[in-house]
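Counting in this note's numbering, the sequence shown runs from 1401 upward without gaps.
In this text, a Cβ means the ideal position worked out from N, Cα and C, and glycines have one as well.
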Amino acid sequence: MGVIAKTVQWAGRLLHTEALPSVEAAPAPRPYSEARAIAAKMQPSNSWQVIDFSINLGVSPCNHTCMFCPQSVQKPAKARWLDLGLLRKVLQEMPEEGVQIGLSSYSETIAAPNLLNAVRLMKEVRPKLRIAMASNGTFFREQLFSDLMDAGLDHYSYSFDAATREDYAKLMQKDDFDLVWTNLEKLVELRNQKKSKMQITTHIMAFEGREADFEKFKAYWHTKVDFVQWRTVGNWGGDNWGLDKRMATAGFIPIHRTPEKRYPCFSIMYHFKLQWDGYYYPCVAAVPDYEKDLENHCVPNLGHASEIAWSDAWQRLDAMRKAHAEGRWGEYECCRSCNIWSLYDNIWKEQAGADGQRLFTIEKKD
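Dropping the structure here:
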């Protein structure tokens, strides 16, 4: 389904499910922001901590060609999947608790042949870590879903994306609206029958003129699923593929406006990712392909999981974090036109350095 970029991705983020807001308590539509809540868990004056870690199970040509996804421009020529032996090594190096795993593939996650075994492995090696999985909802495989619940999948993030049949057909470039609607009904029913604790959330992408459609969608689903999100739309780490222009031409203009005055990207302060090929990357701007050199955003990798420890990869991200805290994000090509930074609240306190340099620290709130 090509959505891991949408899960901070690029188009938004997987909800940090330890603190899901009440649908009734939160006025909607509004983007869901979590930067301040996450920052409160850390002591950034000492060190940044991993709160979310993304794992990409593989790449393959997706069954959808969504306009917001790079697969609408170029699909992977071959399918490639994460080696589970390498995944075991990564998991053994991770903390035993305190980190949420965001699980997806650069395709439809449910079709990934290593999905179930990967979830089982995660819960075997790190049973206390939460697992949130993203899916486009086009497949309903009852036995697989039942097995995933039994394996301990904590959160199923269901990417509905468009609230009406017309918008769905345009945005996904395929008329699967009724199929995805029915599949979500079946998923909720199965979860309830099994009395599973797995959370189910869904979201609609926040485009201009779709507020009323979202409200109707939410009115139907909010009593059935755990949360219905009006998801802020970002640009996948830059518009190298021309996705923004294509969506605007089709009438999909994000409500979110990128501020003129930039501030550091909060994503790299608490999150990084493992691609299917075993390389660690700083953020969702690194869109995978079946070969590493085909990555289009020039995101520098942090090293290969077979050669370095998980904690070492996180420490290697310090250089990019320091650059952002000193206003030097332009030194990284992948950061120059990216607007994912603006999807997070500006929780930064800025001051001028001795040479006029912009310096940023987290603004503390009482």
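Separation of residue j from residue i, as counted between CA atoms
i       : j       : result
Trp1641 : Asp1755 : 37 Å
Ser1546 : Ser1505 : 20 Å
Glu1763 : Lys1574 : 45 Å
Asp1677 : Phe1627 : 33 Å
Glu1611 : Arg1646 : 21 Å
Tyr1568 : Met1605 : 11 Å
Ser1559 : Ser1596 : 20 Å
Gly1485 : Ser1706 : 10 Å
Leu1584 : Phe1617 : 13 Å
Ala1551 : Leu1503 : 14 Å
Trp1729 : Ala1437 : 24 Å
Beta-carbon proximity list for residue i, same chain, < 6 Å, skipping 5 on both sides
i       : result
Asp1613 : Ala1563 and Thr1564
Glu1608 : Ile1653 and Ile1655
Ala1435 : Phe1666, Tyr1744, Asp1745 and Ile1747
Asp1576 : Thr1538
Residues near residue i by beta carbon distance below 7 Å, same chain, minus five either side
i       : result
Val1525 : Arg1488, Leu1491 and Gln1492
Trp1714 : Val1450 and Phe1672
Trp1448 : Met1442, Met1669, Tyr1670 and Arg1721
Ser1422 : Annotation note: pLDDT 37 at Ser1422 (below 50); position unreliable, no value reported.
Asn1746 : Tyr1663
Asp1644 : Asn1635
Beta-bridge pairing of residue i - partner residues as DSSP gives them
i       : result
Trp1481 : Gly1458
Met1533 : Leu1503 and Tyr1556
Ala1752 : Arg1758
Tyr1679 : His1704
Trp1630 : Ile1604
Lys1673 : Ser1454 and Tyr1681
Pro1654 : Phe1607
Residue burial classification, residue i (beta-carbon count within 10 angstroms, cutoff 16)
i       : result
Thr1601 : buried
Thr1538 : buried
Tyr1620 : exposed
Arg1480 : buried
Gln1629 : buried
Ala1440 : exposed
Asp1718 : exposed
Pro1659 : exposed
Pro1682 : buried
Thr1582 : exposed
Ala1648 : exposed
Tyr1432 : Residue placement at Tyr1432 cannot be trusted, given a pLDDT of 42 that sits under 50; the coordinates are not used to answer.
Thr1623 : exposed
Arg1631 : buried
Asp1578 : exposed
Within 8 Å, strictly: CB atoms of residue i and residue j
i       : j       : result
Thr1465 : Gln1471 : yes
Val1588 : Val1625 : yes
Asn1536 : Leu1674 : no
Val1519 : Ile1510 : no
Glu1508 : Cys1462 : yes
Ala1650 : Met1467 : yes
Pro1476 : Val1459 : yes
Leu1521 : Ile1501 : no
Val1684 : Ile1740 : yes
Leu1516 : Leu1544 : yes
Lys1594 : Met1533 : no
Asp1639 : Ser1737 : yes
Glu1731 : Cys1698 : no
Leu1553 : Asn1514 : no
Contacts around residue i, its chain only, beta-carbon distance under 8 Å, and the 5 residues preceding and following it disregarded
i       : result
Ala1752 : Arg1758 and Leu1759
Lys1586 : Phe1540 and Glu1542
Gly1703 : Tyr1679, Tyr1680, Asp1712, Ala1713 and Arg1716
Glu1726 : Gly1753, Gln1757, Arg1758, Leu1759 and Phe1760
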